[in-house]
Amino acid sequence: LEGKTELKVLLIYPGVTLETKSLVPSFGVSIMVEPLGLEYIGAYLLDHGHEVEIFDTRVGGSLAGTLKRFKPDIVGATCNHVASVNKTKKVINQVKKYDKKIKIIIGGQGGSSLANVFLDDPAVDFVITGEGELAFQEFVDTLAAGDDVSKIKNLVFRQNGETISNPARDLIPMDELKD
11 LEGKTELKVL LIYPGVTLET KSLVPSFGVS IMVEPLGLEY IGAYLLDHGH
61 EVEIFDTRVG GSLAGTLKRF KPDIVGATCN HVASVNKTKK VINQVKKYDK
111 KIKIIIGGQG GSSLANVFLD DPAVDFVITG EGELAFQEFV DTLAAGDDVS
161 KIKNLVFRQN GETISNPARD LIPMDELKD
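Read in this note's numbering, the sequence shown has 141 at position 131, and its numbers run on one by one without any break.
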């Protein structure tokens with residue numbers, strides 16, 4: 011990745027479909043929630059000159075085909091619910107099987123609360139905890155510059171068999187959020 015100023019980032023939503031029967035029995039339909047978190051992160055990355063694509067496993071398409079066509083340098087996957095941990099792991103293992111050089115980073119609520127569960131999987135390189143927009147953008151920019159990512163706030167990773175959990179960054183002030 012060193013020497014590349016623009017990286018290709020594939021953001022994957024391996025989420026589960028919620029059944030509204032458990033929420034509102036009279037509806038009895040499945041709903042899909044838009045992957046807004048990935049869209050926010052993608053917008054930050056686009057603003058910093060990176061190429062971004064979002065792959066939502068719930069709407070079909072071929073992950074292998076997307077990997078082959080897009081050729082990402084980094085794959086970010088969100089885990090927004092405990093019920094999607096296994097599916098998230100399955101998806102990222104498919105990515106690592108396709109190309110071991112792709113850097114894989116996990117985020118979302120599941121990443122924040124279960125960082126060690128994800129880092130126990132050899133396919134996972136990094137986890138971002140807390141708000142991911144600035145941390146992920148800094149991570150990608152730092153990799154693009156060929157610099158060391160180990161000091162990025164909100165980043166959790168393994169180094170020499172030890173889990174390193176960097177301090178949290180301040181929350182993004184509301185008045186700095188994009189319209």
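All C-beta atoms in this analysis are idealised placements derived from N, C-alpha and C, irrespective of residue type, glycine included.
Quick check: what's the CA-CA separation for residue i versus residue j?
i: Asp-158; j: Ile-138; result: 16 Å
i: Ile-22; j: Val-95; result: 13 Å
i: Val-105; j: Lys-113; result: 9 Å
i: Ser-72; j: Glu-172; result: 35 Å
i: Leu-216; j: Lys-81; result: Outside the displayed range of the chain (11 to 189) lies residue 216, so it cannot be described from this structure.
i: Leu-165; j: Glu-143; result: 12 Å
i: Thr-76; j: Phe-65; result: 8 Å
i: Lys-99; j: Asp-185; result: 35 Å
Label residue i either buried or exposed according to how many other C-beta atoms from any shown protein chain fall within 10 Å of its C-beta, with 16 as the threshold for buried.
i: Pro-183; result: exposed
i: Asn-170; result: exposed
i: Ala-125; result: buried
i: Ala-93; result: exposed
i: Pro-24; result: buried
What residues are listed by DSSP as bridge partners for residue i?
i: Ile-115; result: Gly-86 and Phe-136
i: Gln-104; result: Partner(s): none; Gln-104 has no beta bridge.
i: Glu-61; result: Lys-18
i: Asp-66; result: Tyr-23
Is DSSP giving residue i helix, strand or coil here?
i: Pro-183; result: coil
i: Glu-44; result: coil
i: Val-127; result: helix
i: Ser-175; result: strand
i: Val-92; result: helix
i: Val-150; result: helix
Compare the beta carbon distance of residue i and residue j with 7 Å and say whether it is the shorter of the two.
i: Pro-177; j: Lys-163; result: yes
i: Cys-89; j: Ile-116; result: yes
i: Leu-46; j: Gln-147; result: no
i: Phe-167; j: Phe-128; result: no
i: Glu-63; j: Leu-20; result: yes
i: Gly-15; j: Ala-154; result: In the sequence as displayed, the identity of residue 15 is Thr instead of Gly. Yes.
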